[in-house]
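Using our numbering, count along the sequence shown one by one with no gaps and you end on 939.
Notes follow once the structure below has been shown.
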Amino acid sequence: MKILLISNSARGHAIAEAFSRSPQKPEIIAACTGRDPGMMKLAKELHVVDINGLSKIVELAKATKPDFAFIAPDDPIGAGLADRLESIGVPCVAPQKNLARIESSKSFARNLMNKYGIDGSPAFRVFSFSSMDAKRQLDLDIRHYLEYELKGQYVVKYDALKGGKGVKLSGEHLSTIHMGAKYAMECIDQCGTVVIEEKLTGVEFSLLSFVSGLKTVDMPAIQDYKRAYIDDEGPNTGGMGTYSDANHLLPFLNADDLKAASNYNAKIAEALMKECGEPYKGILYGGFIATKNGVKIIEYNARFGDPEALNVLPLLETDLVAICQSIIAGTLSQELVKFSPKATVCKYITPKSYPEDKKEKGQRVLVPERIPDDVRLYYGDVSMNDTGWMILGTSRSIGVVGIGDTIGDAEKLAQEVCERFSGPVRFREDIATIESIQQRVDLMQKLRGR
Ligand code: AMP
Ligand code: GLY
């Protein structure tokens, strides 16, 4: 059994670790952006390649003949790597380009929801233009929509992949109607369309599902801390940390909220099948917000989240290789997927100036020794040099995951290990603390009028 794993972050390390626990003892052929220390330990072969150079990966697949490929990051999925690999007979756990538009095009995603009666969208409109004259009118229409229909409470979304940096919110990144319209026009200039939607208030969470055509099997729900700094201040990041609870729910959600999110994932898989005429095979990541009017859809991703994969994969008691085989064969079932009833907390160690600067690139980070059994380290944008030192890149460095009976236990474990790192790094101490979770519970209760 040979698996080609395409990875650019700690998410790939967590996937490789879950593969390596398989009784099928797969050989992992890793295609990575750097000398990834996690992959160096787990993979039979590590190939440092540009993971967006699709032809290079196709050549690697031809040379290594894997049984299947697992594509972890969004960019190669969005660019159609699954189509290219499948055309040479390598099945993929990742959707084809057409299906991956659920992540790579915000307008495709919202229009799909409308077309198939999936009612979780906020109010939204897609704007685009075809001539210079129309542009002036478009600018006026956008201003009118922002000011009079959305009453200044808006979100402007770049209509293509932009590393999590294409979404700007009123009151946070855009303080006036003029700024909102200006950014919307910039988006249109760059990619032809822009999605503008109502800004929702509530508490966000993620629900990821394994998907094979119409069959979806959910993972534990997760909450991500996207902002760079303590108390949810600063710019958005890929995620500074995450937690999940032992009952696979979250403290601010009820069972009906989770059911609503689960139904949305199933309906999206069905709508994609109808729209594209092909089964979606891979991971579907629903980004939701619990509001006073129930659960709404913020976005969809066509892959595992990072750090979300670091929470759920260590809890997977069943065989990830068998799950992937069943996704490819169309035989995915609930029985193949079992997660242990434990809570997890992930805190990311990042370079000190992340995400605003890159000053620490090339400097050394010292990883603590004597890591407890119930703490896992997943290596992201760090590489091991010839002397065995861990060298920082520019993005999130090492995901520290505590696993415990309660969120409190898991948080203490992760925190204790994070405090022992040294070098020019930082982490968010407030991730999954009792106080921080209570704030979310209180906000939800207030919104629900209790
Ligand atoms: P996205 O890339 O669509 O997930 O957007 C990034 C972040 O922007 C989300 O995690 C939310 O925090 C925020 N966001 C996106 N859409 C909305 C919305 N309609 N209302 C409120 N916040 C939003
Ligand atoms: N943690 C957010 C993401 O992976 O998109």
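Virtual Cβ for every residue (Gly too), placed ideally from N, Cα, C.
Since we're looking at a predicted model, the values are computed, not measured.
Task: Assigned secondary structure, R792 (DSSP; H/G/I helix, E/B strand, else coil) - done: One-based indexing of the sequence shown puts residue 792 at position 303. Three-state DSSP puts R792 in coil, outside helix and strand.
### Message
Counting C-beta neighbours from all protein chains within 10 Å, is the total for D720 16 or more, i.e. buried, or is it exposed?
### Response
Locating residue 720 in the sequence shown gives position 231, where the first residue counts as 1. Taking all protein chains shown into account, D720 has fewer than 16 neighbouring C-beta atoms within 10 Å of its C-beta and is therefore exposed.
In its own chain, which residues sit with a C-beta less than 6 Å from the C-beta of E686, not counting the 5 before and 5 after it?
-> By one-based count along the sequence shown, residue 686 stands at place 197. Within the same chain, and ignoring the five residues on either side of E686 in sequence, the residues whose Cβ sits closer than 6 Å to its Cβ are P611, F613 and V644.
I'd like the span of the beta strand (DSSP E) that includes G771, first residue to last. Here residue 771 refers to the residue found at position 282 of the sequence shown. Here the beta strand (DSSP E) through G771 covers K770 to T780.
Practice task
Check whether the Cβ of I485 sits closer than 6 Å to any heavy atom of the ligand AMP, and report yes or no.
Solution key: The question about residue 485 has no answer here: the residues shown for the chain are numbered 490 through 939.
Y553 versus I518 - alpha carbon distance = Your numbering for residue 553 matches position 64 in the sequence shown. Your numbering for residue 518 matches position 29 in the sequence shown. In the sequence under discussion, the amino acid at residue 553 is Thr, which differs from the Tyr named in the question. Roughly 8 Å separates the two Cα atoms.
Please state if the CB of V856 and the CB of M879 are separated by a distance shorter than 7 Å. Within the sequence shown, residue 879 is the residue found at index 390, counting from 1. Within the sequence shown, residue 856 is the residue found at index 367, counting from 1. For M879 and V856, yes; Cβs fall inside 7 Å.
Practice problem: Please classify Q823: is it buried, with 16 or more other beta-carbons within 10 angstroms of its beta-carbon, or exposed? | Solution: Here residue 823 refers to the residue found at position 334 when the sequence shown is read from its first residue. In summary, Q823 is exposed, with fewer than 16 beta-carbon neighbours lying within 10 Å of its beta-carbon over all protein chains present.
| Three or more C-beta pairs below 8 Å linking the stretch 843-860 and the stretch 918-931 | No, the stretch 843-860 does not touch the stretch 918-931.
Notebook entry, point to check: Rounded to a whole number of angstroms, what is the C-alpha to C-alpha distance between G655 and I591?
Noted result: Indexing the sequence shown from 1 puts residue 655 at position 166. Indexing the sequence shown from 1 puts residue 591 at position 102. For the pair G655 and I591, the Cα-to-Cα distance works out to about 15 Å.
**Request:** In the DSSP assignment, find the unbroken alpha helix (DSSP H) run with G501 in it and report its ends.
**Result:** Counting from 1 along the sequence shown, the entry for residue 501 is found at position 12. DSSP places G501 in the uninterrupted alpha helix (DSSP H) bounded by A499 to S509.
Inset, instruction - Counting only the same chain and skipping the five closest in sequence on each side, list residues whose C-beta sits under 7 Å from that of C676. - result: Position 187 of the sequence shown, counted from the start, is the residue given in the question as residue 676. Cβ neighbours of C676 within its own chain (closer than 7 Å, five residues either side excluded): V645, Y647, D648 and V683.
Check: What's the call for P803, buried or exposed, on a 16-neighbour Cβ count within 10 Å?
Finding: Counting from 1 along the sequence shown, the entry for residue 803 is found at position 314. In this structure P803 is buried. Its beta-carbon is surrounded by 16 or more other beta-carbon atoms within 10 angstroms.
Exercise. Return the Cβ separation of K831 and G893 in integer angstroms, given the expectation that the two are a contact with Cβ distance under 8 Å.
Key: Within the sequence shown, numbered from 1, the residue matching residue 831 stands at position 342. Within the sequence shown, numbered from 1, the residue matching residue 893 stands at position 404. K831 to G893, Cβ: 7 Å. Contact.
Rounded separation between N754 and S733 - CA only = Stepping through the sequence shown from its first residue, residue 754 is reached at position 265. Stepping through the sequence shown from its first residue, residue 733 is reached at position 244. Answer to the nearest angstrom: the Cα atoms are 19 Å apart.
At least three beta-carbon pairs within less than 8 Å, the stretch 798-815 to the stretch 499-511: The answer is yes - the stretch 499-511 touches the stretch 798-815, with three or more Cβ pairs under 8 Å.
As a quick check of your reading: which residues have a C-beta less than 5 Å from at least one non-hydrogen atom of the ligand GLY, in chain order? In chain order, the qualifying residues are D713, G728, G794 and D795.
- Task: Quick one: give me the first and last residue of the beta strand (DSSP E) that K940 is part of.
- Result: A query on residue 940 cannot be resolved here, the shown segment of the chain reaching from 490 to 939 and no further.
- Whole-Å CB distance - E516 paired with K491, under 8 Å assumed: Start at 1 with the first residue of the sequence shown, and residue 516 comes out as number 27. Start at 1 with the first residue of the sequence shown, and residue 491 comes out as number 2. Rounded, the Cβ-Cβ distance is 5 Å, consistent with contact.
* Asked: With respect to 6 Å, is the separation between the Cβ of L696 and the closest non-hydrogen atom of the ligand AMP below this value?
  -> For this step, residue 696 is matched to residue 207 along the sequence shown. No; taking the cut-off as 6 Å, the Cβ of L696 has no heavy atom of the ligand AMP nearer than that.
### Message
Contact between the stretch 700-716 and the stretch 622-632 is defined here as three or more beta-carbon pairs at a separation below 8 Å; is this criterion met?
### Response
Touching, no.
Discussion item. Let me confirm a value: G728 is counted as buried when at least 16 other C-beta atoms fall within 10 Å, else exposed. Which label applies?
Written reply: As a working note, residue 728 is residue 239 in the sequence shown. By the Cβ-count criterion, G728 is buried, with 16 or more other Cβ atoms from all chains shown falling within 10 Å of its own Cβ.
For R885, would you say it is in contact with chain D, using Cβ-to-Cβ distances shorter than 7 Å as the test?
Included in the structure is just one protein chain, with no chain D present.
So, do the stretch 746-763 and the stretch 554-562 have three or more beta carbon pairs nearer to each other than 8 Å? Between the stretch 746-763 and the stretch 554-562 there are fewer than three C-beta pairs closer than 8 Å, too few to call the two in contact.
Assigned secondary structure, Q814 (DSSP; H/G/I helix, E/B strand, else coil): Counting from 1 along the sequence shown, the entry for residue 814 is found at position 325. Under the three-state reduction of DSSP, Q814 is assigned to helix.
Touching or not, the stretch 927-937 and the stretch 733-748, by the rule of three or more beta carbon pairs under 8 Å? Verdict: yes, contact present.
For a test of your reading of the model: does the CB of N803 fall under 6 Å from any non-hydrogen atom of the ligand AMP? Yes or no. By 1-based counting over the sequence shown, the position of residue 803 is 314. The sequence given here has Pro at residue 803, not Asn. Not one heavy atom of the ligand AMP lies closer than 6 Å to the C-beta of P803.
| query | If V547 and L574 are in contact, beta carbons under 8 Å, what's the gap, nearest whole angstrom? | reply | Counting from one through the sequence shown, the residue named residue 547 turns up at place 58. Counting from one through the sequence shown, the residue named residue 574 turns up at place 85. Contact annotation, V547 with L574: C-beta distance approximately 7 Å; criterion of less than 8 Å satisfied.
(Q) Measuring alpha carbon to alpha carbon, tell me which residue in Q642, G882, P796 and V826 is nearest K850. (A) Walking along the sequence shown from the start, residue 850 turns up at place 361. Per the Cα distances, G882.
Original post:
CB-CB under 8 Å to A811, same chain, minus the five flanking residues each way: which ones, in chain order?
Top reply: As a first step, residue 811 is located in the sequence shown; it is residue number 322 there, counting from the start. Cβ within range, chain order: S511, Q513 and L825.
Using the three-state DSSP reduction, which class does I860 fall into: helix, strand or coil?
Along the sequence shown, one-based indexing puts residue 860 at 371. I860 falls in the coil class under three-state DSSP.
N790 to P844, Cα distance in whole Å? Here the question's residue 790 lines up with position 301 in the sequence shown. Here the question's residue 844 lines up with position 355 in the sequence shown. Distance from the CA atom of N790 to the CA atom of P844, rounded to whole angstroms, is 21 Å.
Query raised in the report: Can you tell me the Cα-Cα spacing of K688 and M668, whole angstroms?
Result: Position 199 of the sequence shown, counted from the start, is the residue given in the question as residue 688. Position 179 of the sequence shown, counted from the start, is the residue given in the question as residue 668. Here the C-alpha atom of K688 lies approximately 16 Å from the C-alpha atom of M668.
Pull up the CB-CB distance for V999 and T833, whole angstroms please, since I reckon it's below 8 Å. No information on residue 999 is available, as it lies outside the stretch 490 to 939 that the chain covers here.
Worksheet item: Which class does R909 belong to by DSSP, given the choice of helix, strand or coil?
Response: Stepping through the sequence shown from its first residue, residue 909 is reached at position 420. Looking at R909 - three-state DSSP - the assignment turns out to be coil, as it is neither helix nor strand.
Below 8 Å on the Cβ atoms is my guess for A499 versus Y774; work out the distance and round it to an integer in Å. As a working note, residue 499 is residue 10 in the sequence shown. As a working note, residue 774 is residue 285 in the sequence shown. About 16 Å separates the two Cβ atoms, so there is no contact after all.
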